[in-house]
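Sequential numbering of the sequence shown, starting at 55, is according to our numbering.
Just so you know, even glycine gets a beta-carbon here, dropped at the ideal spot from N, CA and C.
This structure is a prediction, so every number in the text was calculated from the model and none was measured.
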Amino acid sequence: MEIVNTRAGVIELRRRWEAADPWASLLIVHGLGEHSGRYRNVGAQLAAAGIDTHAFDLMGFGASGGTRADIAHWYSYLFQLSDNVARLLDRDLPVVLLGHSIGGLLTIDYAMSRHRQPDLVVLNAPAVDAVVPAWKRRASPILAGLAPTLTLANPVDPYEIFNDPASTADYIADPLLVPRTTVRLGAHLLSTMDRVNASIDRFNAACLVTHGEDDTLVPPPTSVALGRLPNVERRLYPGARHASLQEPAGGMIVDDIVAWIRTMTGTG
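Written as structure tokens, this is what we have:
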């Protein structure tokens, strides 16, 4: 692990699972409320397969600085991601961006931006939409303007995240989890979902989508539109829930990701 200063003036925690003889680099973007350390098993498995794996805590989460679960401007996350992608692109290896849930939403938005781009994208249960009543969507920016740092409990039941009881217990006991989100960040997420969905045809990165069939937090139908794009391969996993990569059965999905990267890069 290392701590660096971001261009936003807050500290950022970075992690690396170093491969002995790497043939690709991969950057993990975590989801809402969690942090990069939750991908320790994923990182170790990828590194053992020869993929030099990196991750970081988004501002406001984990051990990075900033107000908890809050961001004044969405582009701050895009810049934070851009700086992490750039340091991998400066090496002579194919670069893969892996985003989970809200990290997947950020990854898609980034892939449609003018920032320097990775070679490949992997999305695990990408949160490209949310089941929110229309009136709440309309009220979200108004409330964010009136009380931006008001926090609300994350609508996440820990027992819906995993199939594995030990993984659920580990999640509940994690002291770095952030269980609440500011209404300002919530408004940013909803507006980004709307923008991404309105322009999803512009998403042209070579991409693998992995989605658990039993995901109740980001149900599989939300990634159907992505799967219809010619540049996207979408795979469903029976019995898998939302955080499918983080529990023991997720090792099979990680193996599939490694195989897909090998095929797409012609390396390894």
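For the candidate residues the options, whose alpha-carbon lies nearest to that of residue i?
| i | options | result |
| --- | --- | --- |
| C261 | L280, T276, T270 | L280 |
| N178 | S277, V237, A78 | S277 |
| R288 | G304, A303, V263 | V263 |
| N217 | D228, M113, H108, G304 | G304 |
| R249 | D163, D106, D228 | D163 |
| P29 | M306, S253, S155 | Because the chain is modelled from 55 through 322, residue 29 falls outside the range shown and cannot be assessed. |
| A259 | P284, P76, R238, V96 | P284 |
| A109 | V139, L206, V64, F133 | V139 |
| H169 | V182, D137, G158 | D137 |
| E66 | F133, P76, Q99, L100 | F133 |
| V182 | I156, D106, R191 | I156 |
| A31 | G158, T107, V308, G240 | The structure shown does not extend to residue 31, since the chain is modelled only from 55 through 322, so no value can be given for it. |
| R94 | P209, P233, V308 | V308 |
| L271 | R282, D255, S298, V286 | S298 |
| I105 | L147, V286, G85 | L147 |
Within a Cβ cutoff of 7 Å, which residues of the same chain sit near residue i, ignoring the five residues on either side of it in sequence?
| i | result |
| --- | --- |
| L160 | V83, Y131, L135, G153 |
| S221 | Q300, E301 |
| V186 | L244 |
| A165 | Q171, V175, F257, A259 |
| P233 | G87, A207, N208 |
Let's test the definition: count the other Cβ atoms within 10 Å of the Cβ of residue i and tell me whether it reaches 16, buried, or not, exposed.
| i | result |
| --- | --- |
| W71 | buried |
| R145 | exposed |
| E56 | exposed |
| H242 | buried |
| P219 | exposed |
| S167 | exposed |
| S253 | exposed |
| P76 | buried |
| A98 | exposed |
| Y129 | exposed |
Using a Cβ-Cβ cut-off of 8 Å (strictly less than) and excluding sequence neighbours within five positions of residue i, which residues of its own chain qualify?
| i | result |
| --- | --- |
| P274 | H265, G266, E267, L290 |
| L231 | G87, E88, H89, Y225 |
| A102 | A73 |
| M113 | T60, A62, V64, E66, G119, G120, I125, S130, Y131, Q134 |
| L247 | This sequence places Met at residue 247; Leu is not what is there. So the qualifying residues of the chain are L159, A181, V182, D183, A184. |
What residue range does the beta strand (DSSP E) around residue i cover?
| i | result |
| --- | --- |
| I196 | Taken as a continuous stretch (DSSP letters only), I196 belongs to no beta strand (DSSP E), being part of the alpha helix (DSSP H) at 188-200. |
| H265 | 261-266 |
| D137 | Run containing D137: none in the beta strand (DSSP E); it sits in the alpha helix (DSSP H), 129-143. |
| D106 | 105-110 |
| V64 | Per DSSP, V64 belongs to no beta strand (DSSP E) and is neither H nor E. |
| R234 | 234-236 |
| Y213 | Premise fails: Y213 is in no beta strand (DSSP E) and is neither H nor E. |
| I57 | 56-59 |
| N178 | 174-178 |
| E325 | This structure leaves residue 325 out entirely; the chain is present only between 55 and 322. |
| E287 | 286-291 |
| A207 | 205-207 |
Report all residues from its chain with a CB closer than 6 Å to the CB of residue i; omit the five preceding and five following residues, and keep chain order.
| i | result |
| --- | --- |
| D269 | A179, R295, H296 |
| L204 | V237 |
| R69 | M55, S90, A109 |
| V149 | S79, L142, L143, P172, D173 |
| T107 | W71, L80, G97, L100, A101 |
| D111 | L67, H89, S90, A117, S118 |
Could you give the residue range of the alpha helix (DSSP H) that holds residue i?
| i | result |
| --- | --- |
| S253 | First-last for S253: undefined, no H or E at that position. |
| N95 | 94-102 |
| A227 | Looking at the DSSP string, A227 is not in any alpha helix (DSSP H), and its letter there is neither H nor E. |
| L280 | 278-281 |
| D310 | 304-319 |
| A78 | Not the alpha helix (DSSP H): A78 falls in the beta strand (DSSP E), residues 78-83. |
| L159 | 156-165 |
Given 8 Å, three or more beta-carbon pairs between the region 306-320 and the region 193-200: Proximity of the region 306-320 to the region 193-200 falls short of the contact definition, fewer than three beta-carbon pairs being nearer than 8 Å.
Validate contact between the region 212-226 and the region 56-75 using beta carbons, cut 8 Å, 3 pairs: In this structure the region 212-226 does not lie against the region 56-75, because fewer than three pairs of beta carbons, one per stretch, are closer than 8 Å.
Touching by the beta-carbon criterion (3+ pairs, under 8 Å), the region 199-209 and the region 101-120: By the Cβ criterion, the region 199-209 is not in contact with the region 101-120, since fewer than three pairs of Cβ atoms, one from each stretch, lie closer than 8 Å.
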